[in-house]
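Engineer: If you read the protein sequences in the order shown, they are chains A and B.
For the first sequence, the working numbering assigns the number 730 to the initial residue and increments by one for each residue that follows.
For the second sequence, the working numbering assigns the number -5 to the initial residue and increments by one for each residue that follows.
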Amino acid sequence: MAITKETQIGKIEVVGKYKSVQVRTDIVIVEDGTELSRKYQRHALMPDADITNEHSEVQAVCNAVWTDEVKADYETFKASKPAEGF
Amino acid sequence: MTSILKADTIQDTDGNNIINESSNTITIGASGDTINVPSGATFNINGTAGTGVGISGWSSSSGSLLPDSASAGIYLGVNSATAANLLDDYEEGTWTPVPKSGGTTIGIYSGVASYTKVGRFVNVQFTIRRNDSQSLTDVLQIEGLPFTSSSTAMDANINGGVWVDNSSGDHMALLNIGGNSTKIGNMRKTNTMDASVAADEWVNGRYLYGSANYVAS
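(1) In chain order, what residues of the same chain have a beta carbon less than 7 Å from the beta carbon of A:D761, not counting five sequence neighbours either side?
(2) Express the C-alpha separation of B:I49 and B:M(-5) in angstroms, rounding to a whole number.
(3) Once the 5 residues before and after B:M166 are set aside, which same chain residues still bring their CB inside 8 Å of it?
(4) Looking at C-beta atoms only, is the number of pairs between the segment 62 to 71 of chain B and the segment 102 to 110 of chain B that lie closer than 8 Å three or more?
(5) Can you confirm whether B:P93, when its beta carbon is compared against all beta carbons of chain A, has any partner nearer than 8 Å?
(6) Figure out for me which residue from B:V118, B:I152, B:A147 has the closest Cα to the Cα of B:E137.
(7) How big is the Cα-Cα spacing for B:R123 and B:V133?
(8) Since A:A773 is in the beta strand (DSSP E), which residue starts that stretch and which ends it?
(9) Sorted by chain position, which residues of the same chain lie with C-beta nearer than 7 Å to B:L70's C-beta, five sequence neighbours on each side aside?
(10) Would you say A:F815 reaches chain B, if we count a Cβ-Cβ gap shorter than 8 Å as a contact?
(11) Go ahead and pull the three-state DSSP assignment for B:N117.
(12) Less than 8 Å between the beta carbons of B:S95 and B:A193, yes or no?
(13) Which of the three DSSP states, helix, strand or coil, is assigned to B:T3?
(14) Roughly how many angstroms separate the alpha carbons of A:K800 and A:R753, rounded to a whole number?
(15) So B:G173 packs on B:M148, CB below 8 Å; how close in whole Å?
(16) A:V790 and A:V744: beta carbons closer than 8 Å?
(17) Using DSSP with H/G/I as helix, E/B as strand and the rest coil, what is B:Y103?
(18) Name, please, each residue of chain B whose Cβ falls closer than 8 Å to the Cβ of A:S766.
(19) Which word fits A:K746, buried or exposed, when buried means at least 16 other C-beta atoms lie within 10 angstroms of its C-beta?
(20) Is A:K810 close to chain B, meaning its C-beta is less than 8 Å from at least one C-beta of that chain?
(21) List, in chain order, every chain A residue whose beta-carbon is nearer than 7 Å to that of B:S85.
(22) Quick one: does B:Y109 have its CB under 8 Å from some CB of chain A?
(23) So that I know if they touch, is there some Cβ in chain A lying closer than 8 Å to that of B:S211?
(24) Just by C-beta distance, which residues in the segment 156 to 177 of chain B are closer than 7 Å to chain A?
(25) Which residues of chain B have a Cβ atom closer than 7 Å to the Cβ of A:V744, listed in chain order?
(26) Using a Cβ-Cβ cut-off of 8 Å, state whether A:H772 counts as contacting chain B.
(27) Would you say B:G138 reaches chain A, if we count a Cβ-Cβ gap shorter than 8 Å as a contact?
(28) If B:A210 sits next to B:V92, beta carbons under 8 Å apart, how far is it from one beta carbon to the other, in whole angstroms?
(29) Contact check, B:I4 vs B:I12 under 8 Å by CB: the rounded distance?
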């Protein structure tokens, strides 16, 4: 009887004007090939995010959709926001 | 002794088909007939539901409806397919709050943070405990939200609240999530006018509890 814990990239979604990349990481418990449970962990990345430690599939999507134009538009958007924290 | 009746067609006394078999297809009754399953009887379909049986594109999993397509949903409150009435997503999970002050990450002990998403509506809850003694005076923000907020969110939205649970000098604050954002950008104190919670107003070793609701992109 072998119980293993696997981490899988369950879903990568690109949403919104600034091509935010939403990542769902699935934590899967498997016993002898049969899935016992699946839990979700989420995070989302904006075009100014450091993706160095992201999964290679996530990096590939980010690099594909975050064009220079998208990055520039997002920087302009951030600069337009109120100064205090918003 | 077992008797076997062999026939391709069984008809009633008027000559109408009751059961007909042809090319591996069995037809029960004929157009205009009513086929009754009497009270007390059980009608099981253990094979694959075909045309006209159940709802196309859906099956049952441990008693729950399961669509073949992950993007399928249910239209509610309408009798024609209208996108604004389609409920097509539900998800529960966890996320990792990353508290920051002016871009500097504030260390925390392992936190507890969960989310529930129903359609585009997202509820997040979190409990984190500061584990960082450096002096940080900028506005406290929390990054790492599980979904990007809608572009239609306004910068002055009130999305939820936090309790900064210090040993003394607690703070209650209303929190804000702006548009196109993955962070809680501002926590406006309710016990002090015109002021947001600064990072050092959350004392090292102490807890911060919060929850928020927002619309995802």
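All residues carry an ideal CB built from backbone N, CA and C; glycine is no exception.
Fair warning: this is a prediction, and the values are worked out from it, not measured in the lab.
Structural biologist: From the atom records:
(1) By the criterion of a C-beta distance shorter than 7 Å, A:D761 is surrounded in its chain by M730, A731, once the five residues flanking it on both sides are discounted.
(2) 44 Å
(3) Excluding positions up to five away in sequence, the list reads G155, V156, W157, V158, K183, T184, N185.
(4) Touching, no.
(5) Interface flag for B:P93 against chain A is unset, since no Cβ pair is found closer than 8 Å.
(6) B:V118
(7) 17 Å
(8) 763 to 774
(9) Spatial neighbours of B:L70 in its own chain (CB-CB distance under 7 Å, excluding positions within 5 residues in sequence) are listed in chain order as N79, L81.
(10) Low per-residue confidence applies at A:F815: pLDDT is 47, beneath 50, and the placement is therefore not dependable, though the value from the model is reported in the following sentence. Under the Cβ distance rule, A:F815 counts among the residues neighbouring chain B, one pair being separated by less than 8 Å.
(11) Collapsing the DSSP output to three states places B:N117 in a strand.
(12) yes
(13) Residue state, collapsed to three classes: strand.
(14) Spanning the two alpha carbons is a distance of roughly 23 Å.
(15) 7 Å
(16) Pairing A:V790 with A:V744 gives a Cβ-Cβ distance that is not under 8 Å.
(17) coil
(18) Going along chain B, no residue has its Cβ under 8 Å from A:S766, so there is no contact; the nearest lies around 13 Å.
(19) With fewer than 16 Cβ atoms within 10 Å of its Cβ, A:K746 is classed as exposed.
(20) yes
(21) Sequence inspection shows Glu at residue 85 of chain B; the Ser mentioned does not correspond to that position. Below the 7 Å Cβ cutoff, chain A contributes Y769 as neighbours of B:E85, in chain order.
(22) yes
(23) yes
(24) Residues of the segment 156 to 177 of chain B with a Cβ closer than 7 Å to any Cβ of chain A, in chain order: N170, G172, N174, T176.
(25) T142, S211, listed in chain order.
(26) With its beta carbon less than 8 Å from one in chain B, A:H772 belongs to the interface.
(27) yes
(28) About 19 Å; that fails the 8 Å criterion.
(29) Indeed, because the Cβ distance is near 5 Å, the residues count as touching under 8 Å.
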